[in-house]
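In order, the protein sequences belong to chains A and B.
Heads up: the first sequence at position 1 corresponds to 1 in the working numbering, and the numbers run straight through without jumps.
Heads up: the second sequence at position 76 corresponds to 565 in the working numbering, and the numbers run straight through without jumps.
The structure under discussion appears below in the form of structure tokens.
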Amino acid sequence: MRASEIRDAVARRQASAVDICRAALDRIAALNPQLNAFRAIAPERALARAAELDARVDRANLPLLGVPVALKDNLCTRGIATTASSRILEGYLPPYDATVVERLEAAGAVIVGKTNCDEFAMGSSTENSAFGPTRNPWALDRTPGGSSGGSAAAVAAGIVPLALGSDTGGSIRQPAALCGVIGFKPSYGRVSRYGLIAFASSLDQIGPIATTVADAAMAMDVLAGHDPKDSTASAAPVPNFAHALTDNGDGLRGVRVGVPRHLFSEGVDADVMAAFEAAIDVTRDRGAEIVDVALPHSPQAIPVYYVIATAEASANLARYDGVRFGYRAPDARTLVDMYERTRGAGFGREVKRRIILGTYVLSAGYYDAYYRQAQQVRTLIRGDYETAFAGADVIAMPTSPTAAFALGERTEDPVQMYLSDVFTVGANLAGLPAVTVPCGLTASRLPIGLQLTGRSMDDATVLRVADIYERATPWSNERPPIPASTPSH
Amino acid sequence: MTDRFSRGDVERIARLARLELNAEEKDLFARQLAGILAYAEQIQRVPTEGIEPTSHAGAAAALRDDEVRPSVPREASLATAPDGDASAGLFKVPRVLG
Numbered sequence: 001m002r003a004s005e006i007r008d009a010v011a012r013r014q015a016s017a018v019d020i021c022r023a024a025l026d027r028i029a030a031l032n033p034q035l036n037a038f039r040a041i042a043p044e045r046a047l048a049r050a051a052e053l054d055a056r057v058d059r060a061n062l063p064l065l066g067v068p069v070a071l072k073d074n075l076c077t078r079g080i081a082t083t084a085s086s087r088i089l090e091g092y093l094p095p096y097d098a099t100v101v102e103r104l105e106a107a108g109a110v111i112v113g114k115t116n117c118d119e120f121a122m123g124s125s126t127e128n129s130a131f132g133p134t135r136n137p138w139a140l141d142r143t144p145g146g147s148s149g150g151s152a153a154a155v156a157a158g159i160v161p162l163a164l165g166s167d168t169g170g171s172i173r174q175p176a177a178l179c180g181v182i183g184f185k186p187s188y189g190r191v192s193r194y195g196l197i198a199f200a201s202s203l204d205q206i207g208p209i210a211t212t213v214a215d216a217a218m219a220m221d222v223l224a225g226h227d228p229k230d231s232t233a234s235a236a237p238v239p240n241f242a243h244a245l246t247d248n249g250d251g252l253r254g255v256r257v258g259v260p261r262h263l264f265s266e267g268v269d270a271d272v273m274a275a276f277e278a279a280i281d282v283t284r285d286r287g288a289e290i291v292d293v294a295l296p297h298s299p300q301a302i303p304v305y306y307v308i309a310t311a312e313a314s315a316n317l318a319r320y321d322g323v324r325f326g327y328r329a330p331d332a333r334t335l336v337d338m339y340e341r342t343r344g345a346g347f348g349r350e351v352k353r354r355i356i357l358g359t360y361v362l363s364a365g366y367y368d369a370y371y372r373q374a375q376q377v378r379t380l381i382r383g384d385y386e387t388a389f390a391g392a393d394v395i396a397m398p399t400s401p402t403a404a405f406a407l408g409e410r411t412e413d414p415v416q417m418y419l420s421d422v423f424t425v426g427a428n429l430a431g432l433p434a435v436t437v438p439c440g441l442t443a444s445r446l447p448i449g450l451q452l453t454g455r456s457m458d459d460a461t462v463l464r465v466a467d468i469y470e471r472a473t474p475w476s477n478e479r480p481p482i483p484a485s486t487p488s489h
Numbered sequence: 490m491t492d493r494f495s496r497g498d499v500e501r502i503a504r505l506a507r508l509e510l511n512a513e514e515k516d517l518f519a520r521q522l523a524g525i526l527a528y529a530e531q532i533q534r535v536p537t538e539g540i541e542p543t544s545h546a547g548a549a550a551a552l553r554d555d556e557v558r559p560s561v562p563r564e565a566s567l568a569t570a571p572d573g574d575a576s577a578g579l580f581k582v583p584r585v586l587g
């Protein structure tokens with residue numbers, strides 16, 4: 001069931017929040033052994049919360065009434081273990097909730113558990129989790145993408161209709177595309193990051209993963225808005241996103257879809273390219289004007305991203321020192337010895353690699369050549385988008401150059417893994433809203449995603465175009481080859 | 490510059506980052522970081538003279554009023570520590586000097 005259907009059914013008492021919650025918990029129990037999508041499950045808290053909602057007289061007004069939600073394990077939840085899939089935070093019980101968690105619960109959502117991810121959200125396959133990889137529901141020998149792979153797999157497998165992820169360079173959109181669901185990265189500042197375990201603070205953004213654009217928009221109505229606890233959370237007025245999807249009958253007439261063809265010359269799989277072209281044809285059929293746009297500095301986006309993201313990560317991860325939370329190495333003689341051994345034993349390989357790279361690009365003698373230069377090219381990348389948006393309302397690209405890849409296929413070559421994000425990092429560098437919507441299947445039935453990027457703070461247009469596209473195509477209704485419902489026991 | 494990326498460089502940076510690495514990791518990272526930096530060096534070919542650096546893609550951060558507000562209680566913070574002493578109100582650590 002979709003989130004909106006659950007909400008309506010619970011509001012009309014056609015279903016109870018407790019029954020819906022129990023069904024989600026049963027499905028986790030049935031499917032998680034093969035998927036490893038969940039890191040922690042909170043059955044008592046969820047069932048108690050659902051019972052409370054069933055008893056409330058004002059429940060019909062709650063926009064996410066009774067909707068079971070899964071949260072990426074880098075979102076702090078009071079009293080539910082929050083690890084960011086890292087040994088260094090194993091067993092950590094945050095003393096507070098992230099702002100998005102407070103907002104979801106105030107809206108009537110029921111948090112059922114925490115989902116697996118790449119350690120500290122660093123990765124594109126969920127293979128960097130300290131607790132084993134998540135498997136793609138469409139093909140269990142393939143990755144779900146990453147870093148929000150557990151959230152995307154949980155939604156794709158029909159465990160929950162809605163999950164939250166975080167997106168620093170594509171970590172919501174790429175796994176959503178590889179799992180055949182909707183993933184939305186809001187504009188930078190549209191959603192509070194308070195309680196999100198920081199990776200790269202100038203790029204990180206929390207957003208929804210859902211089975212329809214309408215459900216993602218409904219979630220955004222709950223998540224978006226100012227927060228005194230996050231100075232980067234925008235105070236700009238929040239539109240009604242669900243309302244913005246209302247089709248006035250014009251389809252995409254008046255919408256200019258920009259296509260940066262010069263970026264597709266190499267490295268994009270033929271199946272992906274064919275599905276993308278067909279998707280562009282659909283937007284044209286629905287009335288959109290297709291225009292060429294250029295993003296001349298986009299070929300530099302991946303190296304710029306890896307310099308900036310690792311620099312920020314090396315600073316953000318300095319706090320994991322064994323003093324205030326998480327793991328501490330035993331038997332250290334001195335304080336510095338304790339720091340070094342705690343971090344050496346607590347962090348996994350990709351996190352260490354990025355801390356080393358980030359520390360290097362910030363170190364004396366290299367700062368200007370790498371970090372400052374990357375920030376300057378970031379300015380040029382932002383400028384490219386601004387120029388492109390003078391002639392287009394949204395920019396369309398494939399979300400990922402390939403469909404889901406095999407477990408282990410890219411773990412030995414960091415640069416090859418980083419190239420998974422070639423079409424997604426630009427939106428983070430420029431702070432723009434971007435959505436992925438299913439646009440096809442490969443010959444071996446693996447999902448392909450269409451990415452639509454919009455102007456800063458124009459999240460509503462991105463969602464509206466995606467919604468119209470989605471309704472014109474069958475792709476969001478395709479489901480992975482796993483049992484549609486779980487036999488009750 | 491990356492052809493000089495040696496095991497010694499990795500050790501020096503790891504010390505700055507307070508990060509213990511084993512011998513295998515030092516060799517692996519020396520090799521991989523040389524590759525990653527060779528790839529990253531393409532950004533140095535982009536002309537950027539006079540271009541302002543971007544540190545944040547959002548609007549300028551709004552400062553809130555400087556008011557005392559409730560925050561996470563001290564006991565709750567100490568409870569999550571590997572060696573918190575709630576009665577003394579302290580995080581305990583090994584000796585600072587060797």
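The C-beta atom is built at its ideal place from N, Cα and C for all residues, glycine as well.
Keep in mind that this is a model prediction, so the values were computed, not measured.
Given this structure, state the Cα-to-Cα distance separating residue i from residue j, to the nearest angstrom.
{"i": "residue 126 of chain A", "j": "residue 285 of chain A", "result": "37 Å"}
{"i": "residue 30 of chain A", "j": "residue 2 of chain A", "result": "20 Å"}
{"i": "residue 199 of chain A", "j": "residue 122 of chain A", "result": "8 Å"}
{"i": "residue 503 of chain A", "j": "residue 205 of chain A", "result": "With chain A covering only 1 through 489, there is no way to say anything about residue 503 of chain A."}
{"i": "residue 74 of chain A", "j": "residue 402 of chain A", "result": "26 Å"}
{"i": "residue 552 of chain B", "j": "residue 229 of chain A", "result": "10 Å"}
{"i": "residue 495 of chain A", "j": "residue 305 of chain A", "result": "Outside the modelled stretch of chain A, which goes from 1 to 489, sits residue 495 of chain A, for which no answer is possible."}
{"i": "residue 114 of chain A", "j": "residue 314 of chain A", "result": "25 Å"}
{"i": "residue 489 of chain A", "j": "residue 355 of chain A", "result": "With a pLDDT of only 45 at residue 489 of chain A, under the threshold of 50, the placement of this residue in the model should not be trusted; the figure read from the coordinates follows. Answer to the nearest angstrom: the Cα atoms are 47 Å apart."}
{"i": "residue 455 of chain A", "j": "residue 534 of chain B", "result": "28 Å"}
{"i": "residue 157 of chain A", "j": "residue 479 of chain A", "result": "8 Å"}
{"i": "residue 301 of chain A", "j": "residue 202 of chain A", "result": "15 Å"}
{"i": "residue 430 of chain A", "j": "residue 378 of chain A", "result": "7 Å"}
{"i": "residue 19 of chain A", "j": "residue 362 of chain A", "result": "53 Å"}
Would you call the CB atoms of residue i and residue j closer than 8 Å?
{"i": "residue 452 of chain A", "j": "residue 425 of chain A", "result": "no"}
{"i": "residue 237 of chain A", "j": "residue 460 of chain A", "result": "no"}
{"i": "residue 335 of chain A", "j": "residue 557 of chain B", "result": "no"}
{"i": "residue 380 of chain A", "j": "residue 262 of chain A", "result": "no"}
{"i": "residue 466 of chain A", "j": "residue 282 of chain A", "result": "no"}
{"i": "residue 498 of chain A", "j": "residue 25 of chain A", "result": "Outside the shown range of chain A (1 to 489) lies residue 498 of chain A, about which nothing can therefore be said."}
{"i": "residue 77 of chain A", "j": "residue 112 of chain A", "result": "no"}
{"i": "residue 139 of chain A", "j": "residue 464 of chain A", "result": "no"}
May I ask which residues mark the beginning and end of the beta strand (DSSP E) holding residue i?
{"i": "residue 513 of chain B", "result": "It is not in any beta strand (DSSP E) - residue 513 of chain B instead sits in the alpha helix (DSSP H) that spans 512-529."}
{"i": "residue 441 of chain A", "result": "434-441"}
{"i": "residue 397 of chain A", "result": "394-398"}
{"i": "residue 292 of chain A", "result": "289-292"}
{"i": "residue 453 of chain A", "result": "447-454"}
{"i": "residue 166 of chain A", "result": "162-166"}
Give the secondary structure of residue i by DSSP, where H, G and I count as helix, E and B as strand, and everything else as coil.
{"i": "residue 256 of chain A", "result": "strand"}
{"i": "residue 496 of chain A", "result": "No answer is possible for residue 496 of chain A: it lies beyond the span of chain A, which begins at 1 and ends at 489."}
{"i": "residue 229 of chain A", "result": "coil"}
{"i": "residue 416 of chain A", "result": "helix"}
{"i": "residue 508 of chain B", "result": "coil"}
{"i": "residue 299 of chain A", "result": "helix"}
{"i": "residue 110 of chain A", "result": "strand"}
{"i": "residue 423 of chain A", "result": "coil"}
{"i": "residue 461 of chain A", "result": "helix"}
{"i": "residue 208 of chain A", "result": "strand"}
{"i": "residue 142 of chain A", "result": "strand"}
Near residue i, which residues of its chain fall below 8 Å by C-beta distance, leaving aside the five closest residues on each side in sequence?
{"i": "residue 234 of chain A", "result": "187, 189, 190, 226, 457"}
{"i": "residue 15 of chain A", "result": "6, 9, 66"}
Taking the alpha helix (DSSP H) that residue i falls in, what are its first and last residues?
{"i": "residue 340 of chain A", "result": "335-346"}
{"i": "residue 55 of chain A", "result": "43-55"}
{"i": "residue 183 of chain A", "result": "Counting along the chain, residue 183 of chain A falls outside any alpha helix (DSSP H), though it belongs to the beta strand (DSSP E) covering 182-185."}
{"i": "residue 274 of chain A", "result": "270-285"}
{"i": "residue 69 of chain A", "result": "Per DSSP, residue 69 of chain A belongs to no alpha helix (DSSP H); it is in the beta strand (DSSP E), 68-72."}
{"i": "residue 175 of chain A", "result": "173-179"}
{"i": "residue 388 of chain A", "result": "373-391"}
Please return the same chain residues whose Cβ sits closer than 6 Å to the Cβ of residue i, not counting the five positions on each side in sequence.
{"i": "residue 522 of chain B", "result": "494"}
{"i": "residue 491 of chain B", "result": "Note that residue 491 of chain B scores a pLDDT of 46, beneath 50, so its modelled location is shaky and nothing firm can be said."}
{"i": "residue 322 of chain A", "result": "328, 338, 342"}
{"i": "residue 142 of chain A", "result": "136, 404, 406"}
{"i": "residue 163 of chain A", "result": "70, 151, 154, 155, 209"}
{"i": "residue 248 of chain A", "result": "none"}
{"i": "residue 573 of chain B", "result": "567, 580"}
Any heavy atom of the ligand GDP closer than 7 Å to the Cβ of residue i?
{"i": "residue 452 of chain A", "result": "This structure lacks the ligand GDP; in fact it carries no ligand of any kind."}
Members of the stretch 417-447 of chain A near chain E, C-beta cut-off 9 Å
Absent from the structure: chain E. Protein chains present are A and B.
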